[in-house]
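1 is the number of the first residue of the sequence shown in full-length UniProt numbering; add one for each residue after it.
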Amino acid sequence: MQQNFQDPLFSGKTSSSFDGEEAVESGDSVDLDLVFQHIVDCSVECPSPFVLSEQDGKEPETQVSVDVAAEGEGEHFQVVIGIRVEMVKDQKPACIIELKYAGYFLIKNASKDMYPFLLYVNCPNILWPSVRNWIRVVTLECGLPGLQLGSIDFTDILRKKIKDSQQSEA
């Protein structure tokens with residue numbers, strides 16, 4: 001059954017202030033339950049695999065980009081973390097990993113202004129350890145050193161999304 005979802009971040013939000021973080025931290029009782037999580041898509045490309053085998057003492061540069069998408073209605077929401085990891089050595093892309101990882105959440109007792117922070121910060125923070133693990137596993141299975149990703153500031157990603165949305169409306 002196909003459901004029509006709306007992105008809760010941009011539905012009717014015109015204010016430049018973001019008060020969801022304060023609402024969540026104020027101690028209001030919100031029920032946030034992870035129902036299910038899984039890999040939506042994973043791809044690995046190695047356009048220049050032999051560049052990594054060169055024993056020149058140079059480590060590949062690793063570039064990581066992360067994005068979050070959320071959709072849902074009522075109490076049911078899907079949050080997807082998209083991550084792209086690119087290892088480059090001598091200006092040649094050695095390995096590119098793209099992963100989309102989804103979590104399905106049940107959210108109760110939340111006011112509308114809480115949803116952006118819950119869906120774009122709290123939910124991704126719940127999913128992030130699994131995303132980090134899968135990236136490590138994939139790099140190991142490719143014969144590369146296991147890539148251990150650090151923490152991500154999902155609040156910063158949310159602020160950038162809000163800023164970009166406001167600029168596109170102007």
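Ideal Cβ positions, reconstructed from N, Cα and C, are used throughout, including at glycine.
Counting other Cβ atoms within 10 Å of its Cβ, residue 39 stays below 16 and is therefore classed as exposed. For residue 65, the enclosing beta strand (DSSP E) stretches over residues 61 to 73. By a beta-carbon distance limit of 8 angstroms, residue 72 contacts residue 78. Their separation comes to about 6 angstroms.
Note that the C-beta distance between residue 60 and residue 89 is below 8 angstroms. The shortest C-alpha to C-alpha distance from residue 134 to any of 84, 118, 122 is the one to 84.
Apart from sequence neighbours up to five positions away, the residues of its chain that approach residue 41 with a beta-carbon distance below 6 angstroms are 100, ordered along the chain.
Exclusion of the five residues before and after residue 69 leaves 7, 79, 80, 82 as the residues of its chain whose Cβ lies within less than 8 angstroms of its Cβ.
Classified as exposed, residue 74 has fewer than 16 neighbouring CB atoms from the shown chains inside 10 Å of its CB. Taking one beta carbon from each stretch, the stretch 29 to 39 and the stretch 108 to 126 have 3 or more pairs nearer than 8 angstroms; the two touch.
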